[in-house]
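Colleague:
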Amino acid sequence: MMIIEGCAVATVDASGTEYADGHVAVEDGRIVAVGSGSYPGPGERVDGTGCLATPGLVNTHHHLYQWATRGLAQQENLFGWLTDLYPIWARLDEQVVADTTAAGLGWLALSGCTTSSDHHYVFPNGVGDLVAAQAHAAAEIGLRFHLCRGSMDLGASAGGLPPDEVVEDTEAALAGTEAAIDRYHDPAPDAMLRVAVAPCSPFSATGKLMSEAATLARRRGVRLHTHLAETVEEEEYCREKHGCTPAEYAERLGWLGDDVWLAHAVHLDAGAVARFGATGTGVAHCPSSNARLGAGVAPVPDLLAAGAPVGLGVDGAASQETSQLGVELRQALYAARLRGGPAALTARQSLSLGTIGGARCLGRSDEMGSLEPGKLADVALWRIDGLGHAGIDDPVAALVFGPLATVELLLVGGRPVVEAGRLRTADERDLARRTVRAHERLLPR
Ligand SMILES: [Zn+2]
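The sequence shown stops at residue 446 when you use this note's numbering, and every number in between is there.
Put into structure tokens, the structure is as follows:
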């Protein structure tokens with residue numbers, strides 16, 4: 002039994018229960034008690050004085066391989082940025098994927114993230130087993146991992162955006178995705194690794210791949226993920242090619258439902274927002290990436306009012322160089338307020354997006370996303386008594402409005418992954434060296 006006590010606690014349960022001075026007790030990978038004051042029983046004590054305990058953050062959208070290609074195409078919109086980067090990504094291999102997955106997940110852990118998805122969709126021919134490389138690197142760092150086996154089958158010669166050398170044959174993409182499910186998907190409630198089916202986008206995957214991917218996911222009982230309605234250019238592409246909006250196109254292909262979560266969803270009309278709510282379709286909101294690429298601001302308060310699950314995502318590091326999930330709590334709040342005024346989103350709603358909202362997107366709100374007895378012991382303990390936060394009375398406001406807080410302790414299934422702001426499962430200098438190695442494999446000097 003480990004008992005964190007003496008800290009503020011924001012449980013993010015359905016009633017929004019908080020304790021100004023409380024405890025969280027964990028045993029055998031699960032939370033066994035949460036409450037005010039000290040825990041009465043015996044156990045290893047962790048002094049949480051000066052800290053806030055929250056559920057570990059859940060990252061619903063990322064492309065970890067992009068960790069090696071940050072700082073490029075600095076003034077481009079999505080299509081220009083992709084066109085610049087695809088030829089570089091065509092050089093990636095098993096080594097690059099292993100190094101960037103480890104480095105990117107280590108960095109996410111330092112910003113309070115306990116579960117991350119990753120959407121990997123670049124599978125050049127003959128470069129090794131990229132899925133295995135991701136699975137092994139995630140186990141090395143110790144975060145829960147949702148491996149979204151991506152795919153692209155619509156190359157430039159067929160009217161798509163990506164060059165032909167980075168796309169797969171449709172049948173090969175589906176077979177590779179099913180093989181990943183066979184080998185790595187763990188449906189157990191305490192799973193460290195799950196697999197989702199994830200063709201890349203309407204402008205890089207054919208309608209055949211999208212609809213057969215949905216059939217595959219439903220036959221195997223796994224979730225569906227893709228990019229949708231990110232930019233005005235994507236909307237123009239859909240209207241021109243398919244005569245409808247991206248959301249209408251997704252629905253036509255069987256891609257709305259409570260087993261689907263979609264990255265971005267910036268350009269939705271009122272009808273699409275209502276359909277997302279009615280079908281339980283989730284949204285991975287990526288406010289920093291949307292700002293970096295000038296894509297726009299997703300209608301998050303409208304989606305929440307419609308009842309759609311909304312989680313936060315850092316998105317790939319090449320379009321969001323900080324890649325710190327804790328920072329997205331503030332970015333989500335700022336983005337909503339830039340669009341809808343100062344009451345558009347509260348600090349507590351933002352924390353909820355980053356925790357239980359993300360868990361809903363991943364289909365795991367019964368297992369994670371709040372601090373409640375019986376849930377997985379995925380806990381972030383944030384230090385909020387230093388210079389950056391001292392004097393802010395409301396601990397949740399300190400966390401969300403203030404600078405990114407140091408993670409004093411990060412537990413994944415009760416296992417410490419971060420302690421006193423340092424990664425315990427890997428050497429940060431080694432991860433930095435591996436980042437440089439990956440970068441130089443993609444961009445040789
Ligand atoms: Zn993305």
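Virtual Cβ for every residue (Gly too), placed ideally from N, Cα, C.
If you follow the beta strand (DSSP E) that D22 is part of, which residue opens it and which one closes it?
Modeller: The residue you call residue 22 lines up with position 21 of the sequence shown. Start and end: E19 to E28.
Colleague: Looking at G317 and ligand 1, is the gap between the Cβ and the nearest heavy atom below 7 Å?
Modeller: As a working mapping, residue 317 is identified with position 316 in the sequence shown. Checking every heavy atom of ligand 1 against the Cβ of G317, one is found closer than 7 Å.
Colleague: Kindly list the residues whose CB is nearer than 7 Å to the CB of G143, restricted to its own chain and excluding five residues on each side of it in sequence; keep chain order.
Modeller: Position 142 of the sequence shown holds residue 143. Counting only Cβ-Cβ distances below 7 Å, and skipping sequence neighbours, we find V413, R416, V418 and T426.
Colleague: Relative to the C-alpha of A433, which candidate in V97, H147, E77 and I32 has its C-alpha closest?
Modeller: Locating residue 433 in the sequence shown gives position 432, where the first residue counts as 1. Of the listed residues, the one whose Cα sits closest to A433 is V97.
Colleague: Out of curiosity, what's the CA-to-CA distance linking L451 and V315?
Modeller: Shown here, the chain extends from 2 to 446; a query on residue 451 therefore has no answer.
Colleague: Would you report the Cα separation of V59 and L65, rounded to the nearest angstrom?
Modeller: Taking the sequence shown and counting its residues from 1, one reaches residue 59 at position 58. Taking the sequence shown and counting its residues from 1, one reaches residue 65 at position 64. Going by the C-alpha atoms only, they are around 15 Å apart.
Colleague: Starting from W90, trace the alpha helix (DSSP H) in both directions and tell me its first and last residue.
Modeller: Taking the sequence shown and counting its residues from 1, one reaches residue 90 at position 89. Where W90 is concerned, the enclosing alpha helix (DSSP H) stretches over L79 to W90.
Colleague: Identify which residue in G364, M369, H286 and A299 has its Cα closest to the Cα of V328.
Modeller: Translated into positions along the sequence shown, residue 328 becomes position 327. When only C-alpha atoms are compared, the closest one is H286.
Colleague: Using the rule of at least 16 other Cβ atoms within 10 Å of the residue's Cβ for burial, across every protein chain shown, is N126 buried or exposed?
Modeller: Position 125 of the sequence shown, counted from the first residue, corresponds to residue 126. With fewer than 16 other Cβ atoms within 10 Å, it is exposed.
Colleague: Identify, in the order they occur along the chain, each residue of the same chain with its Cβ nearer than 7 Å to the Cβ of P190, setting aside the five sequence neighbours on each side.
Modeller: By 1-based counting over the sequence shown, the position of residue 190 is 189. Closer than 7 Å at Cβ, skipping near neighbours: E368.
Colleague: A299 to C362, Cα distance in whole Å?
Modeller: By one-based count along the sequence shown, residue 299 stands at place 298. By one-based count along the sequence shown, residue 362 stands at place 361. Using only the alpha carbons, I get a separation of about 16 Å.
Colleague: May I ask you to check if the CB of H228 is nearer than 7 Å to at least one heavy atom of ligand 1?
Modeller: Start at 1 with the first residue of the sequence shown, and residue 228 comes out as number 227. Yes, the beta carbon of H228 sits closer than 7 Å to at least one heavy atom of ligand 1.
Colleague: With DSSP run on the structure shown, which of helix, strand or coil describes N126?
Modeller: As a first step, residue 126 is located in the sequence shown; it is residue number 125 there, counting from the start. It is coil, neither helix nor strand.
Colleague: Can you list, in chain order, the residues of its chain with a C-beta nearer than 7 Å to that of D431? Leave out the 5 residues immediately preceding and following it.
Modeller: On the sequence shown, residue 431 is found 430 positions in, with the first residue counted as 1. So no residue of the chain qualifies.
Colleague: Work out the CA separation of R446 and R340 for me, nearest whole Å.
Modeller: On the sequence shown, residue 340 is found 339 positions in, with the first residue counted as 1. On the sequence shown, residue 446 is found 445 positions in, with the first residue counted as 1. The straight-line gap from Cα to Cα measures roughly 43 Å.
Colleague: What residue range is occupied by the uninterrupted beta strand (DSSP E) comprising C149?
Modeller: Numbered from 1 along the sequence shown, position 148 holds the residue referred to as residue 149. Unbroken beta strand (DSSP E) run through C149: R145 to S152.
Colleague: Can we say the segment 246 to 259 touches the segment 270 to 290, given the rule of at least three CB pairs closer than 8 Å?
Modeller: Yes, the segment 246 to 259 is in contact with the segment 270 to 290.
Colleague: Under 7 Å from any heavy atom of ligand 1, does the C-beta of H147 make it?
Modeller: Residue numbering aside, residue 147 sits at position 146 when the sequence shown is read from its first letter. Not under cutoff, so the answer is no.
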